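Every position in the sequence shown, counted from 1, becomes a number in the numbering used here once 4 is added.
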Amino acid sequence: METTAFPFIASNLRGRLLALARQLLERDDAEDAVQEALVRLWHAWAQLPRASDAERLGVRLTKNACIDRLRSSHSRHSVPLPTAESVGGESASNAEDHLEEQELRNALQAAVDSLPRRESELWQLHAEDGLSVAE
Numbered sequence: 005m006e007t008t009a010f011p012f013i014a015s016n017l018r019g020r021l022l023a024l025a026r027q028l029l030e031r032d033d034a035e036d037a038v039q040e041a042l043v044r045l046w047h048a049w050a051q052l053p054r055a056s057d058a059e060r061l062g063v064r065l066t067k068n069a070c071i072d073r074l075r076s077s078h079s080r081h082s083v084p085l086p087t088a089e090s091v092g093g094e095s096a097s098n099a100e101d102h103l104e105e106q107e108l109r110n111a112l113q114a115a116v117d118s119l120p121r122r123e124s125e126l127w128q129l130h131a132e133d134g135l136s137v138a139e
């Protein structure tokens, strides 16, 4: 396909791809994943037979970029469990607080995940991105 059409199609796709990535990642990581997906889409652009294929490929590339980031994030952010020596007194309550906070985050994420897609996006825009209800 013609390379002159790419900027227009990419700018139209970016919002949808960003919404998809934000369902899986935090804001900065989502933006990075979308940028990575758009770069990969650019490299594959010449082989696409139709412009409509760009959207499908863009979604797939975005999902793959998100999965890659989640995998690398998981290995970087794994927290060692407290040892028997470190658990005791104040550190035990810190460990319990941390566990309780993590359980609450997981419960909230499960509740948000159970929402319909549109309501989940609205929740994210308001609660995580800081937009007002009117916006």
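We put the CB at the ideal spot given by N, CA and C, even for glycine.
Everything numeric in this text was worked out from a predicted model, so none of it was measured.
Query raised in the report: Of the choices G134, T7, A25, A34, whose alpha-carbon is the least far from that of H47?
Result: For this step, residue 47 is matched to residue 43 along the sequence shown. Considering only alpha carbons, the answer is T7.
Report task. Measure from the alpha carbon of D32 to the alpha carbon of each residue in E125, S136, R73, then state which is nearest. Result -> Looking up residue 32 in the sequence shown gives position 28. That would be R73, whose Cα lies nearest to the Cα of D32.
Query raised in the report: If you compare alpha carbons, which of G62, L52, Q106 is closest to A37?
Result: For this step, residue 37 is matched to residue 33 along the sequence shown. It is G62.
Report task. Measure the alpha-carbon distance for I13 versus T66 and round it to whole angstroms. Result -> For the purposes of this step, residue 13 is taken as the residue at position 9 of the sequence shown. For the purposes of this step, residue 66 is taken as the residue at position 62 of the sequence shown. I13 and T66: Cα-Cα distance of roughly 15 Å.
Query raised in the report: Using CA coordinates, which residue listed in S76, R75, R26, A9 is at the minimum distance from L45?
Result: Translated into positions along the sequence shown, residue 45 becomes position 41. Ranking the options by Cα distance to L45, first place goes to A9.
Query raised in the report: Under the three-state reduction of DSSP, which class applies to P11: helix, strand or coil?
Result: Position 7 of the sequence shown, counted from the start, is the residue given in the question as residue 11. Three-state DSSP puts P11 in a helix.
**Report entry** R121 - containing alpha helix (DSSP H), residue span
**Finding:** Here residue 121 refers to the residue found at position 117 when the sequence shown is read from its first residue. Where R121 is concerned, the enclosing alpha helix (DSSP H) stretches over 121-127.
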